[in-house]
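A.B. asks: I have a structure I would like to understand better, so I am pasting it below and will then ask my questions one at a time.
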Amino acid sequence: MKRVSLTQYLVEEQRLHNTIPAELRLLIEVVARACKTISHAVSKGALGEVLGSAGSENVQGEVQKKLDVLSNEMLLEANEWGGHLAAMASEEMETIHPIPNRYPKGEYLLLFDPLDGSSNIDVNVSIGTIFSVLKAPEGMKEPNEEAFLQPGSKQVAAGYAVYGPQTVLVLTTGNGVNCFTLDREMGSWVLTQRDMKVPEETKEFAINASNARHWYPPVKRYIDELLAGKTGPRGRDFNMRWIASMVADVHRILNRGGIFMYPADAREPDKPGKLRLMYEANPMAFLIEQAGGAATNGKQRIMDIQPQKLHERVAVFLGSKNEVERATSYHME
Ligand code: AHM
Ligand code: MG
């Protein structure tokens with residue numbers, strides 16, 4: 048089988064569809080290289096002394112793990128000097144990170160969750176990196192936080208890496224979704240799945256059921272109907288999976304279908320869910336839509352939401368189209 052590398056794929060995409068100019072290609076390759084470095088650190092585990100807490104908290108008040116902090120630094124360092132970016136933003140940093148003045152600046156904005164699924168780091172369960180790429184507003188060389196507050200529909204690229212039994216990189220630049228597997232011996236990303244599609248129909252759902260008592264009625268109704276199985280209103284049995292790493296749950300759904308939910312609930316009525324809009328929900332929504340699925344917050348398309356702040360949270364329903372549409376319709380009734 049002829050191997051297609053990430054670089055070759057990106058160059059050929061540009062020739063065919065004109066969607067990956069040289070600066071964007073450099074950006075994607077640099078992010079992919081950083082993911083390789085993170086993958087290496089993750090796989091060392093205790094041997095690399097990377098497990099455990101960093102002894103600090105991030106802006107969301109969550110305890111940072113050593114690997115959260117390390118991965119954030121790796122992504123910042125890798126992306127600072129290339130001249131392709133105007134600024135970066137991350138789950139692990141309160142404010143944006145402008146490109147230092149000693150480096151040339153480009154027109155792109157990069158957002159990331161450097162290590163998603165932090166609760167799984169120390170127990171050797173799949174974790175990952177999520178990223179989203181926007182364009183800085185025309186002519187803006189010194190972007191502020193406001194420059195980042197663009198709806199997900201403006202993303203020019205998005206992707207994630209999963210550090211699991213294999214390390215994979217899943218990418219969209221707005222023309223379908225492709226998956227690359229890290230060849231550890233060669234140190235290269237090899238195209239292993241072209242044009243991924245989320246099956247429309249599914250028998251699998253993913254939700255943290257320990258929050259059931261806090262769910263609002265539309266979510267309760269939707270899940271109750273799934274749980275009722277063959278003899279319930281849906282007339283068939285459903286299976287449940289919850290990895291507690293969104294990257295791994297979304298990767299399963301991209302491969303064999305399903306619906307992923309992290310709804311808002313009554314615990315903190317002012318909080319619209321747990322996941323962050325700009326560097327978790329938006330990139331995943333872009334990928335899922337590009338693969339023929341759907342992504343809403345229960346009421347509207349996630350990628351249509353106008354962000355109000357960098358670390359804004361959002362309810363998430365994404366995956367197989369028919370299920371996402373059904374769960375969303377229950378919120379409308
Ligand atoms: P993180 O970015 O701090 O790791 O949090 C996000 C993660 C998602 O990957 C996952 O779907 C969710 O949090 C799990 O939450 P819970 O522990 O409530 O099940
Ligand atoms: Mg996360």
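Those letters in the sequence shown? Residues 48 to 380, per this note's numbering, in order.
For every residue, glycine included, the Cβ atom is placed at its ideal position computed from N, Cα and C.
#1: Quick test of your reading: isoleucine 306 and serine 376, contact by CB under 8 Å. State the CB separation rounded to the nearest angstrom.
#2: Taking just the CA atoms, how far does threonine 343 sit from glutamate 70?
#3: Less than 8 Å between CB atoms is the rule here; does leucine 322 satisfy it with respect to chain B?
#4: Can you tell me where the beta strand (DSSP E) holding methionine 135 begins and where it ends?
#5: What residue from Gly164, Arg288, Tyr56 and Arg323 has the CA that sits closest to glutamate 251's CA?
#6: Could you check if alanine 291 belongs to the surroundings of the ligand ATP, using beta carbon to heavy atom distance under 7 Å?
#7: Any chance the stretch 71-81 sits against the stretch 144-157, with 3 or more Cβ pairs inside 8 Å?
#8: Taking the beta strand (DSSP E) that phenylalanine 178 falls in, what are its first and last residues?
#9: Measuring only the C-alpha atoms, how far is isoleucine 143 from alanine 275?
#10: What are the start and end residues of the alpha helix (DSSP H) that includes asparagine 119?
#11: Over the uninterrupted beta strand (DSSP E) stretch that includes glutamine 240, give me the two end residues.
#12: Tell me where the alpha helix (DSSP H) around alanine 332 begins and ends.
#13: In the DSSP assignment, what residue or residues form a beta bridge with tyrosine 23?
#14: Specify whether the stretch 179-197 and the stretch 264-279 touch according to this definition: at least 3 beta carbon pairs, one from each stretch, less than 8 Å apart.
#15: In chain order, which continuous runs of the alpha helix (DSSP H) of length 4 or greater are located wholly inside the stretch 291-375?
#16: Please report the straight-line C-alpha distance between glycine 164 and alanine 125, rounded to a whole angstrom.
#17: Sorted by chain position, which residues of the same chain lie with C-beta nearer than 6 Å to arginine 281's C-beta, five sequence neighbours on each side aside?
#18: Within 10 angstroms of the Cβ of aspartate 317, are there 16 or more other Cβ atoms? Answer buried if so, exposed if not.
#19: How many angstroms separate the CA atom of methionine 140 from the CA atom of glycine 279?
#20: Assign proline 265 to one of three DSSP states: helix, strand, or coil.
#21: Which one or two residues does DSSP pair with tyrosine 210 in a beta bridge?
#22: Is lysine 277 close to the ligand AHM? I mean its beta-carbon at under 7 Å from any heavy atom of the ligand.
#23: As a quick exercise: from Glu138, Ile67, Ser173 and Val203, pick the residue whose alpha carbon is nearest that of valine 89.
#24: Since threonine 228 is in the beta strand (DSSP E), which residue starts that stretch and which ends it?
C.D. replies: So, from the data block:
#1: The C-beta distance from isoleucine 306 to serine 376 rounds to 13 Å, too long to meet the 8 Å contact threshold.
#2: 31 Å
#3: Judged by its chain identifiers, the structure shown contains no chain B, having just a single protein chain.
#4: 132-137
#5: Considering only alpha carbons, the answer is Arg288.
#6: With respect to small molecules bound, the structure shown includes the ligand AHM and the ligand MG and not the ligand ATP.
#7: yes
#8: For phenylalanine 178, the enclosing beta strand (DSSP E) begins and ends at 174-182.
#9: Going from the Cα of isoleucine 143 to the Cα of alanine 275 covers about 46 Å.
#10: 113-127
#11: Secondary structure note for glutamine 240: its beta strand (DSSP E) is the uninterrupted segment 235-240.
#12: 329-337
#13: Outside the shown range of the chain (48 to 380) lies residue 23, about which nothing can therefore be said.
#14: no
#15: Within the stretch 291-375, the complete alpha helix (DSSP H) runs of at least 4 residues fall at 293-303 and 329-337.
#16: 22 Å
#17: Glu272
#18: That one is exposed.
#19: Cα to Cα, methionine 140 sits roughly 46 Å from glycine 279.
#20: helix
#21: Per DSSP, the beta-bridge partners of tyrosine 210 are Ile174 and Thr214.
#22: no
#23: Ser173
#24: Boundaries of the beta strand (DSSP E) around threonine 228: 224-230.
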